[in-house]
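Here the structure comes first, spelled out in structure tokens, and everything after it is commentary.
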Amino acid sequence: MTRKAKRLYSIGAMFVVVGGALALVLTALSSSVAYFQSPTDLVKNVPGPAQRIRLGGLVEDGSVKRDGSSQIFFRVTDTVDSVPVTYTGILPDLFREGQGVIAEGTLGPDRVFLADTVLAKHDETYMPKEVVDDLKARGLWEDGKGLVKKPEETVSATPVGAGS
170 MTRKAKRLYS IGAMFVVVGG ALALVLTALS SSVAYFQSPT DLVKNVPGPA QRIRLGGLVE
230 DGSVKRDGSS QIFFRVTDTV DSVPVTYTGI LPDLFREGQG VIAEGTLGPD RVFLADTVLA
290 KHDETYMPKE VVDDLKARGL WEDGKGLVKK PEETVSATPV GAGS
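At the far end of the sequence shown sits residue 333, using our numbering, and the numbering has no gaps.
Structure, rendered in structure tokens:
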């Protein structure tokens, strides 16, 4: 084998090894990725039962209910649609009605979002950019002020999956 052939063989082998490693990394990452969805996205495109997603929006006023144990029921809205959420655990201190929230989990067969993680913040710092941009486009959000209209003024009563 000539020197040039050995060099080409070595370069080809390196490409195969790097390509295989890259394929393994991408496969591992794709199974653990949680895609962001707004309540409207979730109503329009219902995900598969095992698909992990991040649901972002505002906690709907008057929707937080506790059952006496550590299970909490609430609704997340983007001012167009709302999604019922159930969460078992301790909520963040900043969690309250009318504030931004991101819930990570799966959509159950009864169209109730089963959250295993809840993040809350009093302003747009932890709100998904997509939610803030959507609220700004509708004139419901101003930088420095936050929500300028209450979400219940424009929330529809469409249940998740009923629009399809």
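Where is the CB? At the ideal position from N, CA and C, for every residue including glycine.
At the level of alpha carbons, what is the spacing between Asp285 and Val254? 10 Å
Roughly how far, in whole angstroms, is the beta-carbon of Glu266 from the beta-carbon of Glu229, given that I think they are within contact range, below 8 Å? 7 Å
Would DSSP call Phe184 helix, strand or coil? helix
My assumption, with CB atoms under 8 Å, is that Ile271 sits in contact with Leu288. Please give the rounded CB distance. 5 Å
Say whether the stretch 239 to 256 touches the stretch 204 to 221, bearing in mind that this needs 3 or more beta-carbon pairs closer than 8 Å, one atom from each stretch. yes
Closest to Val301 by C-alpha separation, out of Gln268, Pro278, Gly274, would be which residue? Gln268
Is it buried or exposed for Gly225, if we count other Cβ within 10 angstroms and need 16 for buried? buried
Should Arg244 be labelled buried (16 or more other beta-carbon atoms within 10 Å of its own) or exposed? buried
Tell me, please, which residues DSSP counts as bridged to Ala289. Val270
Hey, would you say Gly188 sits closer than 8 Å to Arg221, going by beta carbons? no
How would you label Thr323, buried or exposed, when you count the other beta carbons within 10 angstroms and need 16 or more for buried? Here the model assigns Thr323 a pLDDT of 44, short of 50, so the residue's position is not dependable and the matter cannot be decided.
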